[in-house]
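Just so we're aligned, residue 0 is where the sequence shown starts under numbering that gives the first Met the number 0, counting upward by one. The beta carbon of each residue, even a glycine, is placed where N, CA and C say it ideally should be. Predicted model, so just to flag it, every value in this text is computed and none were measured.
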Amino acid sequence: MEHAFKEDTAGHPSETVFGLQVRDDAIGELGLHHTAERRRIGTVRDDVVNEASAGMFVKSTTRWSDVVRTELGLRGDFYRFKVDSDTALNSGQRAAAIASPKLGVVLGPWAKTEIYFNGGLGFHSNDARGATIRVDPTDGVTPVERVSPLVRSRGLEAGVRTSALPGLVSTVSVWFLDLDSELVFVGDAGGTEASGASRRYGVEFANYYKATPWLTFDADVSFTHARYRNAAPDDRIANSIATVVTAGVVAGRSAGIFGSLRLRYFGEQPIIEDNSVKEPASTTFNARLGWRNREWEFALDVLNLLDRRNDDIAYFYPSRLRGEPAAGVDDTHFHPAEPRTLRFAVTRKF
């Protein structure tokens, strides 16, 4: 919910927006269980979680001249976590609030080109169970350190945005992000750990090109450098992807036959902090073909068009099979991507 009104600031036109956001997530069962052949044979932990949040914000945009405008913003957020755990010591409530000021400056346009700068403070919320935990759920007695409910972040971004070429909109930006801590979930224990502070920076290049009224291309590429601060040499952030490429082509009008083809490329990524084990790069193609009019749409999606054997996610940690040492064996654990899949969709518009 938001409300905007226009005014003058020192004789310059401006607009101020006030807003309110409210959200409540009620999770009836959040459990970690021992299984055999997909049957539950035991429980590590089982929780009922409620996470409620409310955020208020104000943003003021002022045009100081034909080529200079600014945006000032302030956001305040309040979170309440409530956990009812099967281990009584891990039940409880935590509440936290945080304020996040922001600033944006846009210069231009000159020849349909703008230069912009954004900076400010933000945050991320941690796992509610980590905010109330007291003991390791695997034994019920070993003390575990709680994580902070809300974690501060600091970010900067600067870039150039242009539409100088007919039909093409391109943006090049450089960015920087500091987090006071990363959150790591320990799957075998059902617990969370707040790891060290991290730093990321990178470059993004985004393009959108409308070649004709019925044919559109887009292509985005990003390069990211992600490291834990003060943790060298074991400073890699597991599952942080250095290179991401997405691209696609869409053909069709508002009525009749339409189709699309999309590419997603994830570069090689570390899955352990010392960078000794890596998840290989993956490439996925998805396609869609259909027909539509004002009221109906019929579409056939082909997911993983080339039936590539990619992993959706991979982790590296010790696990134990029958007959293996009690300490377990360090190895890669992964969730494979779905094989080539066909999906048919029918949409009726009213």
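Closest residue to residue i among the options (Cα-Cα distance)
i	options	result
R68	T34, A110, E14, I97	E14
Y200	T223, R74, A237, S275	T223
D219	T242, A230, P335, A95	T242
R293	S259, E278, T346, V328	T346
T34	E6, V150, L320, T331	L320
A127	Q92, A313, I114, E144	Q92
T282	I26, A298, P338	P338
F204	E156, A193, A110, T215	E156
A94	P148, I26, L29, G107	P148
S158	N117, V82, A254, A336	Note on residue identity: the sequence assigns Gly, not Ser, to residue 158. Comparing Cα positions, the closest option is N117.
L305	R261, W63, L29, K101	R261
Q20	P142, F56, F122, V202	F56
L29	V140, V168, R153, V82	V82
Cα-Cα separation between residue i and residue j, rounded to whole angstroms
i	j	result
T112	V105	11 Å
G18	G72	11 Å
F349	A286	27 Å
D329	S275	12 Å
L400	E296	With the chain running from 0 to 349 in the structure shown, residue 400 is simply not present.
A225	R79	30 Å
Y314	L120	30 Å
Y264	F284	9 Å
E70	N125	29 Å
A344	A246	23 Å
A231	G195	11 Å
T61	T161	21 Å
I40	D23	32 Å
H123	V143	21 Å
A298	W290	7 Å
R307	H334	14 Å
Rounded distance between the beta-carbons of residue j and residue i, thought under 8 Å
i	j	result
S52	R74	Contact flag wrong, Cβ pair sits at about 12 Å.
R228	R198	5 Å
T340	N309	With 8 Å as the limit, T340 and N309 do not qualify as a contact, their Cβ atoms being about 13 Å apart.
G266	I240	6 Å
Y115	G103	7 Å
A336	D311	5 Å
Cutoff 6 Å; reference residue i; Cβ partners in own chain excluding five residues on either side
i	result
V16	E1, A3, K58
G327	P317, S318, R319
D76	G54, I97
V244	V220, Y264
D300	R287, R342
Neighbourhood of residue i by C-beta distance below 8 Å, restricted to the same chain and skipping five residues each side
i	result
W213	A250, G251, R252
D7	S13
T331	I270, V276, E278, A313, Y314, F315
W109	V66
Cβ shell of residue i (< 7 Å), same chain only, five flanking positions each side left out
i	result
D138	none
Cutoff 8 Å: residue i Cβ touching any chain C Cβ
i	result
L288	As a matter of chain content, chain C is missing from the structure shown, which is built from one protein chain.
Take every Cβ of the stretch 207 to 216, pair it with every Cβ of the stretch 171 to 182, and state whether three or more of those distances are shorter than 8 Å. no
With contact counted as at least three CB pairs below 8 Å, one residue from each stretch, are the stretch 231 to 243 and the stretch 266 to 278 in contact? yes
Does the stretch 36 to 54 come close enough to the stretch 79 to 87 that 3 or more CB-CB pairs lie under 8 Å? yes
Does the stretch 127 to 135 come within contact of the stretch 167 to 176, defined as at least 3 CB pairs closer than 8 Å? no
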